[in-house]
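Note that the numbering used here has the sequence shown beginning at 61, numbered continuously upward.
Everything below concerns the one structure shown next.
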Amino acid sequence: MSTAPGCRALLLVGAVGVGKTTTADAIGDELEGRGVPGAVIDLDAIRRGWPAPPGDRFNSAIELANLRAVAQNFREAGAEVLVAAGVMEKRAARARYEEAVGVPLTVVRLVAPRDLVRSRLHRRHELEPESLTWHLDRFDELTAILDAAAVEDVTVPVAEDPRATARAVLDAVWRGELGRRIDDVVEDRVELGTFKTTGSEFERRHPSV
């Protein structure tokens, strides 16, 4: 099966704790509710292996290899939008990620106030003092790296409600043919009386948000 015409990909980047994975899941729910075939790919999950090879502490090579395979499988299954969440520290890496997903790539940086993220990390790692220290330091380190690298096409502040952040991302990056197609899908479903919001489904999948 060939790639769907007009297929494209979003890569959500940002420092640790800003909500990349949660937002990716919310975008997936939003797309599903709008009738747009797609898939969500957690880059942290597909690169998790140990020990990391020398000189590649974040397993970037295996991440790209796995992304290439997973993206191809989803494209051949009919996905029109691939939503990935992860970290890209250098603008020069954009070409490698776009080659891996196999379709045009838009990079979205999610940002959140430092105090909010630190509070979130304290809750997440309250029983893991060493992990907490690492993540707090990594947030500041990665924020500085991303500020300097400017890898993104657009920056989106996270909202309290992940669904609001998801819609803000879609509004910020989707213009032209795909955006019109999504609007048409929603209008058709409204006319047929089949459109429904995805709030209850999101809450079922993410009860802790």
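Glycine included, each C-beta is placed from N, C-alpha and C at the ideal position.
- Message: Tell me which residues share the same chain as Thr258 and place their Cβ nearer than 8 angstroms to its Cβ, disregarding the 5 neighbours each side in the sequence.
- Response: Caution is warranted here: a pLDDT of 39 is assigned to Thr258, below 50, making its placement in the model unreliable, and the coordinate value is therefore given only provisionally. Excluding sequence neighbours, Thr258 sits near Asp89, Glu90, Glu92, Gly93 and Arg223.
- Query: How would you call Ala172, buried or exposed, if buried means at least 16 neighbouring beta carbons within 10 angstroms?
  - Reply: buried
- On the premise that Asn119 lies in contact with Arg107, defined as a C-beta separation below 8 angstroms, what is that separation, rounded to the nearest angstrom? Between the beta-carbon of Arg107 and that of Asn119 there is about 4 angstroms, and that keeps the pair under the 8 angstroms contact cut.
- Task: Could you work out which residue in Ala105, Ala219 and Ile101 is closest to Leu170 when comparing CA atoms only?
- Result: The candidate whose alpha carbon is nearest that of Leu170 is Ala219.
- Own chain, CB closer than 8 angstroms to Ala226, minus 5 neighbours either side, in chain order: Thr83, Ala86, Ile87, Asp89 and Glu90
- Message: For a test of the three-state rule: what should DSSP assign to Asp102, helix, strand or coil?
- Response: strand
- Hey, Ala145 and Leu72: beta-carbon distance below 8 angstroms or not? yes
- How about Val143 and Leu230: are their beta carbons less than 8 angstroms apart? no
- Residues of its chain near Val78, where Cβ-Cβ distance is below 8 angstroms and the 5 sequence neighbours each way are ignored: Leu170, Val171, Ala172, Val177 and Val218
- Pairwise C-alpha distance: Ala153 and Val214: 17 angstroms
- Using a Cβ-Cβ cut-off of 6 angstroms (strictly less than) and excluding sequence neighbours within five positions of Ala160, which residues of its own chain qualify? Leu124, Leu127 and Arg128
- Message: If I measure Cβ to Cβ from Glu140 and keep anything under 7 angstroms in the same chain, skipping five residues before and after, which residues do I get?
- Response: Ala64, Gly66, Cys67, Val96, Pro97 and Gly98
- Message: Distance check for Asp102 and Gly109, CA to CA, integer angstroms please.
- Response: 14 angstroms
- CA-to-CA distance, Arg151 to Ile122, given in whole angstroms: Between the alpha carbons of Ile122 and Arg151 lies a gap of roughly 19 angstroms.
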